[in-house]
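Protein chains in written order, with the numbering used here: chain A, 3 to 87; chain B, -5 to 386.
Note that CB positions come from ideal geometry on N, CA and C, so glycine has one too.
These numbers were taken from a predicted model, which means no experiment stands behind them.
The structure under discussion appears below in the form of structure tokens.
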């Protein structure tokens, strides 16, 4: 996994992208406490205790880092075969 | 070339490991609370022992260790006397807090006559016990969230299913990350799949589309388009799934519960239940009937899982491809419930996100569905031809 700093809150997480569509993010406590979107405590999602599903700032940051080549996309080949309509 | 000289260094061997001897720390649902309020004591085999559950005069459910501390009698075979449970062996009375309250034939109760009372939670029609091998109470942030629909007239009552499964309960936990089995075992068609593990909560988000090859739509009924599911395990054994079925023209909202408690290292009781939101399309009775139909459908799904579990081996070192979910990270999360609180590491609880690339699976599954639909059409055409002479 590769380190990436969020431009919004400076949280540093570890990211892995097997492909353009796949994303894996490992947080630690320090990064987690910086994030503005995920909430201060674990679980400010749809149910008390359930997680917020994503941080949109980080998500955008990961996509940007991948297109800029700052994060490796392990398989960046286009996918052959039929595409879902 | 002979078998003797064939190198085995490139053969991947399965490490089966052994199921843990201790049981997970956490809230475990024992079933619908109402089912324990019939005036009788109930026997629950769980966590490698036996529990007794009964309702006191106020209707409050109490749980004690099942075996009487006097001579080992089975309290669950006894009777409820007042607020207490009375042992069938010598009529020793035990209160819900675990104290021996009365021995009718004795001048006095011995000092330190106390058995284990289990912490309970009676919420939204469901009954839970807290299990912790260290004997600590649940931390304030380890709770079971409320399910608003469960106590609302706008939703149906629970439809509830219980079944015993002869394997270690980790098998059902693995399902949280196992996208592909939803296609092959349950005949659903995931198109979006994401996992999040954080603290004591493990989440699975899944969007699916209907499988025309497996579930043709009923003639004259609205066509099912797909489903959206947001499911979280709160602790080691209790999952709440906000599950929306999408039909042409409207959606059906439901809450699916999937929970279990361990009986022993190689047996658990699996329970699942459902409530459905009423709507103009689904007034009272229709909503309940729909919940039953969905429930029966989900029951078939679990039967398919159980058939797999009955025949598979435990595996500590699954061989994964990129389109498998994060099995190892999930098990790292699950491990927190099997170690002392002092030994829970940040790796077990730190937030981890995994969004699956579904491009390849979706492409492969589209092909398979198309082939199945074509094969069915061919079979139907052949049946028509074969049947033609008989019509004349």
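- Here the C-alpha atom of residue 183 of chain B lies approximately 9 angstroms from the C-alpha atom of residue 221 of chain B.
- Contacts with chain B at 8 angstroms (Cβ-Cβ) do not include residue 13 of chain A.
- Selection B:53, B:179, B:164 evaluated against residue 257 of chain B yields B:164 as nearest (Cα-Cα).
- Taking the CA atoms as reference points, residue 345 of chain B sits about 29 angstroms from residue 239 of chain B.
- Neighbourhood of residue 32 of chain A in chain B, by CB distance below 8 angstroms: empty, with the nearest CB roughly 10 angstroms away.
- The secondary-structure analysis by DSSP pairs residue 347 of chain B across a beta bridge with A:27, B:190.
- Distances from the alpha-carbon of residue 145 of chain B to those of B:269, B:87, B:60 put B:269 closest.
- Where residue 75 of chain B is concerned, there is no enclosing alpha helix (DSSP H), although the beta strand (DSSP E) around it starts and stops at 73 to 75.
- Excluding the 5 residues flanking it on each side, residue 67 of chain A has same chain C-beta neighbours closer than 8 angstroms at 6, 17, 73, in chain order.
- Those residues of the stretch 217 to 238 of chain B placed with their C-beta closer than 8 angstroms to a C-beta in chain A are 224, 226, 228, 234, 236, ordered along the chain.
- Proximity of residue 83 of chain B to chain A, defined by a Cβ-Cβ separation below 8 angstroms, is not satisfied.
- Contact between residue 111 of chain B and residue 92 of chain B holds, since their C-beta atoms are separated by about 3 angstroms, short of 8 angstroms.
- Look at the beta carbons and you see the stretch 337 to 344 of chain B not touching the stretch 309 to 319 of chain B: under three pairs across the two are nearer than 8 angstroms.
- For residue 4 of chain A, the nearest beta carbon of chain B is not closer than 8 angstroms to its own beta carbon.
- Residue 19 of chain A sits close to residue 76 of chain A, with the two beta carbons spaced by under 8 angstroms.
- Ranked by Cα distance from residue 75 of chain B, the first of B:41, B:33, B:139, B:83 is B:33.
- In terms of Cβ geometry, residue 139 of chain B and residue 113 of chain B do not form a close pair [threshold 8 angstroms].
- Put simply, the backbone Cα of residue 253 of chain B is about 24 angstroms away from that of residue 53 of chain B.
- Shown here, residue 300 of chain B sits in a helix according to DSSP, grouped into three states.
- Residue 340 of chain B reaches chain A at 30, 31, counting residues in chain order whose Cβ is nearer than 8 angstroms.
- Chain order gives no chain A residues near residue 161 of chain B, where near means a beta carbon separation below 7 angstroms; the closest approach is about 28 angstroms.
- Beyond the five residues adjoining it in sequence on each side, residue 127 of chain B comes within less than 6 angstroms, by CB distance, of 16 in the same chain, given in chain order.
- Contact between the stretch 146 to 164 of chain B and the stretch 267 to 287 of chain B is present: 3 or more CB-CB pairs across the two stretches fall below 8 angstroms.
- Residues of chain A whose Cβ lies closer than 7 angstroms to the Cβ of residue 190 of chain B are, in chain order, 53, 55.
- In the DSSP annotation of this structure, the continuous segment of the beta strand (DSSP E) that includes residue 14 of chain A starts and ends at 14 to 18.
- Residues of chain A with a Cβ closer than 8 angstroms to the Cβ of residue 351 of chain B are, in chain order, 20, 21, 22, 23, 24.
- Shown here, residue 353 of chain B sits in a helix according to DSSP, grouped into three states.
- For residue 36 of chain A, not one C-beta of chain B is nearer than 8 angstroms to its own C-beta.
- If you ignore the 5 residues before and after residue 31 of chain B, its C-beta comes within less than 7 angstroms of the C-beta of 49, 53, all in its own chain and listed in chain order.
- The alpha carbon of residue 323 of chain B has as its nearest neighbour, out of A:41, A:27, A:63, A:65, the alpha carbon of A:27.
- With respect to residue 271 of chain B, residue 247 of chain B sits close: the two C-beta atoms are nearer than 8 angstroms.
- Interface criterion met: the Cβ of residue 27 of chain A is under 8 angstroms from a Cβ in chain B.
- Cβ atoms of residue 77 of chain B and residue 51 of chain B come within 8 angstroms of each other, at about 5 angstroms.
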